[in-house]
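Report on one structure; see the data block that follows.
Residue numbers (the working numbering): 5 to 107.
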């Protein structure tokens, strides 16, 4: 009589079906679904595509212009340069330290 203390299980088998993916056809199907033409995309996916299309349009409307970005950068630079000037070239910091009696 033979006793087995350890038994190694067989590897699990699986069925693999290779699929073919064509990026152009997928993009065409999504575009058809956005436009409402007959396509293989489900109703749920077509709603998602329509919502994302609306969001893209609204995002394009609210994009900041290059001029407003430039003004923001200019404002930040002026604040930084002004702070450096006040700290290093005026007596404001020394007066502030003397006011609180830190020295």
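Glycine included, each C-beta is placed from N, C-alpha and C at the ideal position. It should be emphasised that the depicted structure is a prediction, and the values quoted were computed from it without experimental measurement.
ask   = Could you give the residue range of the alpha helix (DSSP H) that holds residue 84?
value = As a first step, residue 84 must be located in the chain shown, where it is residue number 80. That run of the alpha helix (DSSP H) goes 70 to 93.
ask   = Do you know offhand how far residue 49's Cα is from residue 60's?
value = Walking along the chain shown from the start, residue 49 turns up at place 45. Walking along the chain shown from the start, residue 60 turns up at place 56. Near 16 angstroms, if we compare the C-alpha coordinates of residue 60 and residue 49.
ask   = DSSP three-state call for residue 42: helix, strand or coil?
value = Here residue 42 refers to the residue found at position 38 when the chain shown is read from its first residue. Correct three-state label for residue 42: coil.
ask   = Is it a yes or a no for the region 12 to 20 touching the region 31 to 44, going by three-plus beta-carbon pairs under 8 angstroms?
value = no
task = With DSSP collapsed to three states, give me the class of residue 17.
result = Working through the chain shown from its first residue, we reach residue 17 at position 13. In the structure shown, residue 17 sits in coil (DSSP, three-state: anything other than H, G, I, E or B).
task = Assuming residue 91 contacts residue 82 (C-beta within less than 8 angstroms), just tell me the rounded distance between them.
result = In the chain shown, residue 91 corresponds to position 87, counting from 1. In the chain shown, residue 82 corresponds to position 78, counting from 1. That pair is no contact at about 15 angstroms.
ask   = Is residue 23 helix, strand or coil when you go by DSSP?
value = Working through the chain shown from its first residue, we reach residue 23 at position 19. Note: residue 23 maps to coil in three-state DSSP.
query = Thinking C-alpha only, which one of 29, 55, 25, 23 is nearest residue 38?
reply = In the chain shown, residue 38 corresponds to position 34, counting from 1. Cα-wise, what sits closest to residue 38 is 55.
key: Length of the line joining the Cα atoms of residue 88 and residue 94   = As a position in the chain shown, residue 88 is number 84, starting the count at 1. As a position in the chain shown, residue 94 is number 90, starting the count at 1. Taking the straight line from one Cα to the other gives about 10 angstroms.
Cα-Cα separation, residue 25 to residue 86 = As a first step, residue 25 must be located in the chain shown, where it is residue number 21. As a first step, residue 86 must be located in the chain shown, where it is residue number 82. Computed Cα separation, rounded: 58 angstroms.
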